[in-house]
Structure formats: structure tokens, C-alpha cells
Amino acid sequence: MKQRVHYRRVQRRTMTRRARDHLRAEVLDVAERITVARERLSMPELARRVGVSRQTLYSEFGDREGLAAALVLRATDRFLDRIEAALDGAADLHAAWVAAVHAALTEAEENPLIAALLTGEDAVPSAFGTGSGPIVAAASERAAGFLRRVRPDLADADVLLAAGTAARLVVSHLVLPGGPPDRVAADVATVVLRVLDGPATLSPGARR
1 MKQRVHYRRV
11 QRRTMTRRAR
21 DHLRAEVLDV
31 AERITVARER
41 LSMPELARRV
51 GVSRQTLYSE
61 FGDREGLAAA
71 LVLRATDRFL
81 DRIEAALDGA
91 ADLHAAWVAA
101 VHAALTEAEE
111 NPLIAALLTG
121 EDAVPSAFGT
131 GSGPIVAAAS
141 ERAAGFLRRV
151 RPDLADADVL
161 LAAGTAARLV
171 VSHLVLPGGP
181 PDRVAADVAT
191 VVLRVLDGPA
201 TLSPGARR
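Here it is as C-alpha cells:
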């Protein structure tokens, strides 16, 4: 009997958590659409479009700045996950960097919020005013982590230089396009390998 009661309580908590996660995702989806359309992002208007009370939004996000931070965090995580998946999906370093840079450029093209965050353009409300620094630094760290994993023989200074250079070159292309994405991706990959000045193959057993 006690086990049954406990199970029901756990089940209710799980359902509540799922409902909350679903609502949070819906709110962020609508907030992103408002932002990309360059409309003013206000809690009352967002609550109206989602169909919830303003108090529900304040309870979940705290305030407009908290909402903005949550939206930026979600967009950044998706961006970084896409880059990391591209890095892990290639058989050698050159192909890995080509894939990662191409993924970054594609994500920025498909997601105006990411493009604005990377370039620092005034395409998002002031509440999002973190600039490109945090997201570029996070992308560099993910890339550096990949290099440390697949090439543990590299000096950390070289790893950080290569990863940071790649990130800055991607942002530079977004600000001032230097050619089609395929060519830019290949050029950045070539620069990374020259910075590392090592073989373009992954170390044995480096895959996760």
C-alpha cells in the first residue's frame, strides 16, 4: 500500500515537471519569435500570446532579464551542441573543423538570434545585451575540449590559440562575409591545422 502511494506521488511530480518543462519551452519559443521579429519583448504581451498569466511568467523566469537570460542560454546551448556534434562526426581534424565551421555558419544563418548574439548587432532587445563575448568564449572552450580529447599531445597554449582563432574567424565572416560557407569552412580548417602544425588525423582511441 505504501509503495503504491509513493508511486502515485512520484508519478504526479513527474507529470507536473513535464508540464512545467513544456510550458517553459513554449514560452521561450514565443519569446524567440517576438525577438527575431524585432518586436518589443514585454512580459504582459508574452503572457497574452502564450495564454498564461503574467504571474506564471514571473514565477518561472523572475523578470524580463531572467527571461532574456533563459532564451540566450537555450540558443547558446543548441548552437554549441550543433558545433560539438559536427566536430565529433568527422574522421580527421581538417574534416572536423570544416564540419564545425559549416555548422556554425548554418546555425547563424538559420537563427537570427544566434547571428545577432555572435555579431553584436542591434537585432535583439537591450535585455539580451551580452554581446558576442560569452558565446564566442563558450564555443572556443567546446572546440578546445574537442582538441584536448582527440589530440592530448598538443600543448594547451596551441589548443587555446587554434580554438580561439577559429571562433574569431567565424564571427569575422558573419560580420563581413568572405565567400560561400563551404569555402570559408575549408579556409578556417586550414588555418586551424597550420596553427596546430600537426597531423590532420585523430589520435587512436580518441573517440568517445
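Quick note on the numbering used here: the sequence shown kicks off at 1 and runs consecutively.
C-beta: ideal position from N, C-alpha, C; glycine also.
C-beta contact flag for residue i and residue j at 8 Å
i	j	result
L147	V136	no
R49	V30	yes
L57	L46	yes
V36	V101	no
L28	R64	no
Buried or exposed (CB count within 10 angstroms, at least 16 for buried), residue i
i	result
L118	buried
L176	exposed
A155	exposed
A19	exposed
H173	buried
A143	buried
A68	buried
R151	buried
A157	exposed
A25	exposed
A96	buried
A91	exposed
Cβ distance (whole Å) where residue i is taken to contact residue j below 8 Å
i	j	result
A189	V98	5 Å
A103	A75	Not a contact, Cβ separation roughly 14 Å.
L93	E32	No, L93 and E32 are not in contact; Cβ-Cβ is about 34 Å, not under 8 Å.
F79	E107	5 Å
L105	V191	15 Å between Cβ atoms; not a contact.
G178	S140	That belief does not hold up - the Cβ atoms of G178 and S140 are roughly 20 Å apart, past 8 Å.
DSSP state of residue i mapped onto helix, strand, coil
i	result
R38	coil
V195	helix
R209	The shown model of the chain, from 1 to 208, leaves out residue 209, and the question about it has no answer.
G66	helix
L176	coil
S59	helix
V52	coil
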